[in-house]
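Taking UniProt numbering, I'd label the letters of the sequence shown as residues 1 to 82. Below: the structure, in structure tokens.
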Amino acid sequence: MKTCSPHRSPKDCLQAPISIRLSATEIATIQELADSIGRSRASFIRRLIERGMEAYQLDPRLTVLDEIHLKGWLANSEEAKA
């Protein structure tokens, strides 16, 4: 059995690349986080998506991102009322 580097996915495991549009700030943040753990940007994003899907499958009603956006939306709506 051939082993693969822990930082790379096995050959032929991906069907096709998927384009993701990110802002310059988001790209810089992802690059910084990926560098800090010694992974490529693609590898880091793949793990980020996997973890997000796991969290969503545990409770599809409300994810962490939904909570963040909900708090921001509530704060903005309260400011608009004032």
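Backbone N, C-alpha and C fix where the C-beta goes; we use that ideal spot for every residue, glycine too.
query = Secondary structure at Gln57, three-state DSSP: helix, strand or coil?
reply = helix
key: Same chain only: Cβ atoms within 8 Å of Met1, ignoring 5 sequence neighbours per side   = The pLDDT assigned to Met1 is 46, lower than 50, so where the model puts this residue is not dependable, and the model offers no usable value.
request  = Compare the beta carbon distance of Ile30 and Ile45 with 8 Å and say whether it is the shorter of the two.
outcome  = yes
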